[in-house]
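Participant: Here it is: the structure, laid out below.
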Amino acid sequence: MIPEKQALIYEGKAKQVYSTTNPDDVIIRYKDDATAFNGIKKSTIANKGLINNEITSLIFEYLAHKGIVTHLIQRLDEREQLCKKVHIIKVEVIIRNVIAGSMAKRLGLKEGMIPPNRIYEMCYKNDEYQDPLINEDHAVAMGIANYEELDRIKKAALKINQYLYEFMDNIGIILVDLKLEFGKDRFGNILLADEISPDTCRFWDKSTQKKLDKDRFRRDLGNIEEAYEEIRDRIKQALRDTTW
Ligand code: 5GP
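In structure tokens:
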């Protein structure tokens, strides 16, 4: 039975979280609001909430089939998902397959460079300090998580990246990088939370290198909604052809 939506308990830049009649579940509502550069650039992108809800739901279901534990219970409608209630671990985990964005800028590297390895980064999820890059020792020192939990997060993140890289590669998309967030439920399980969408990943078309992600918003490249729809439609088509 689907629990009923109750009070708004948290509002972030792109989503709202509501309590439900089941204390272990929440309803997440995807908004059309878009922000970049830690909230300095603000706008709305038509239908972004609907598209990101659909993309995230499809990807999380795909990952669940691959054995990844996620917070998603089910997509409820165009804007909402029913999810397990978790305490968000205050790190943003980034995995890079191709050099772009802040890593290119910070280290003076050319965007598009393909490194011989996968690059794993952690940022402290805190807008006031602009999500600074941290390492495991910092995270433990700040009480964000312990070493064993951080190890579990890293292993899960690298697996998720691998599954998603291969999946996107098959539909002609390069997964340049992605940002993941994890949460802990009341039993101590660590679950993949938040979203995986063009807001949180860089997706480049394999043949044209066209950016099909939030960089279109950040860099004023136009046709944002179309790019997000393109990602959704390719994922949907691929999953339609999948037999589990
Ligand atoms: P970068 O560090 O290059 O800015 O971002 C690396 C990847 O993580 C990109 O795919 C970017 O979209 C995602 N990312 C990093 N920080 C954030 C954030 O605060 N919010 C969102 N939505 N995505 C982020």
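Okay, so the sequence shown: first residue is 1 according to my numbering, each after it adds one.
In this text, a Cβ means the ideal position worked out from N, Cα and C, and glycines have one as well.
Keep in mind the model is a prediction, meaning the values are calculated, not measured.
Can you tell me which of Phe167, Asn161, Glu149 and Asp169 puts its alpha carbon nearest to the alpha carbon of glycine 183?
Facilitator: Nearest option by C-alpha distance: Glu149.
Participant: For the beta strand (DSSP E) containing serine 43, name the first residue and the last one.
Facilitator: Looking at the DSSP string, the run of the beta strand (DSSP E) that includes serine 43 is 41-44.
Participant: Where does aspartate 33 sit, in a helix, a strand or coil, going by DSSP?
Facilitator: Residue state, collapsed to three classes: strand.
Participant: Would the region 120-129 count as touching the region 21-28 if we require 3 or more Cβ pairs under 8 Å?
Facilitator: No contact exists between the region 120-129 and the region 21-28.
Participant: Where does the unbroken beta strand (DSSP E) through cysteine 19 begin, and where does it stop?
Facilitator: Here residue 19 is serine; the residue named in the question, cysteine, does not match the sequence. 15-20 is the span of the beta strand (DSSP E), which, as asked, contains serine 19.
Participant: Where does histidine 71 sit, in a helix, a strand or coil, going by DSSP?
Facilitator: In the structure shown, histidine 71 sits in coil (DSSP, three-state: anything other than H, G, I, E or B).
Participant: Taking just the CA atoms, how far does glycine 101 sit from arginine 240?
Facilitator: Rounded to whole angstroms, arginine 240 to glycine 101 spans 32 Å at the Cα level.
Participant: Between which two residues does the alpha helix (DSSP H) holding aspartate 233 run?
Facilitator: Start and end: 224-240.
Participant: Does the ligand COA have even one heavy atom less than 7 Å from the beta-carbon of aspartate 131?
Facilitator: With respect to small molecules bound, the structure shown includes the ligand 5GP and not the ligand COA.
Participant: Can methionine 113 be considered in contact with the ligand 5GP, in the sense that its beta carbon sits closer than 7 Å to one or more heavy atoms?
Facilitator: No, the Cβ of methionine 113 stays beyond 7 Å of every heavy atom of the ligand 5GP.
Participant: Could you compute how far the alpha carbon of threonine 56 sits from the alpha carbon of isoleucine 196?
Facilitator: Approximately 5 Å between the Cα atoms of the pair.
Participant: Which residues mark the beginning and the end of the alpha helix (DSSP H) in which isoleucine 55 is found?
Facilitator: Per DSSP, isoleucine 55 belongs to the alpha helix (DSSP H) from 48-65.
Participant: Take the Cβ of lysine 84 as the centre, count every other Cβ of all protein chains shown within 10 Å, and call the residue buried at 16 or more, exposed below.
Facilitator: Flag for lysine 84 reads buried.
Participant: Between which two residues does the alpha helix (DSSP H) holding leucine 150 run?
Facilitator: First-last of the alpha helix (DSSP H) with leucine 150: 147-170.
Participant: Have a look at Gln209, Pro116 and Ile224 and flag the residue whose alpha-carbon is nearest the alpha-carbon of isoleucine 173.
Facilitator: The candidate whose alpha carbon is nearest that of isoleucine 173 is Gln209.
Participant: Could you please give the first and the last residue of the uninterrupted beta strand (DSSP E) stretch that includes alanine 193?
Facilitator: Counting along the chain, the beta strand (DSSP E) containing alanine 193 begins and ends at 190-193.
Participant: Where glutamate 230 and glycine 112 are concerned, what is the direct C-alpha to C-alpha distance, given to the nearest angstrom?
Facilitator: Cα-Cα distance, rounded: 21 Å.
Participant: When you measure from the CB of aspartate 177 to every non-hydrogen atom of the ligand 5GP, does any distance come out below 7 Å?
Facilitator: Yes - the ligand 5GP has a heavy atom lying nearer than 7 Å to the Cβ of aspartate 177.
Participant: Please report how far the alpha carbon of alanine 145 lies from the alpha carbon of leucine 192, in whole angstroms.
Facilitator: Rounded to the nearest angstrom, the two C-alpha atoms are 15 Å apart.
Participant: Cα separation between aspartate 213 and aspartate 220?
Facilitator: Going by the C-alpha atoms only, they are around 12 Å apart.
Participant: Alpha carbon to alpha carbon, how far is arginine 96 from glutamate 78?
Facilitator: Straight-line Cα distance between these residues: approximately 30 Å.
Participant: Give me, in chain order, the residues of the same chain whose beta-carbon lies closer than 8 Å to that of glutamate 136; leave out the 5 immediate sequence neighbours on both sides.
Facilitator: Met122, Tyr147 and Leu150, listed in sequence order.
Participant: Is glycine 183 near the ligand 5GP, with its Cβ less than 7 Å from a heavy atom?
Facilitator: Not under cutoff, so the answer is no.
Participant: Cα separation between arginine 29 and glutamate 80?
Facilitator: Rounded to the nearest angstrom, the two C-alpha atoms are 5 Å apart.
Participant: Buried or exposed: isoleucine 89, going by 16 or more other Cβ atoms within 10 Å of its Cβ?
Facilitator: Buried: at least 16 other Cβ atoms inside 10 Å.
Participant: Counting C-beta neighbours from all protein chains within 10 Å, is the total for isoleucine 153 16 or more, i.e. buried, or is it exposed?
Facilitator: Label assigned to isoleucine 153: buried.
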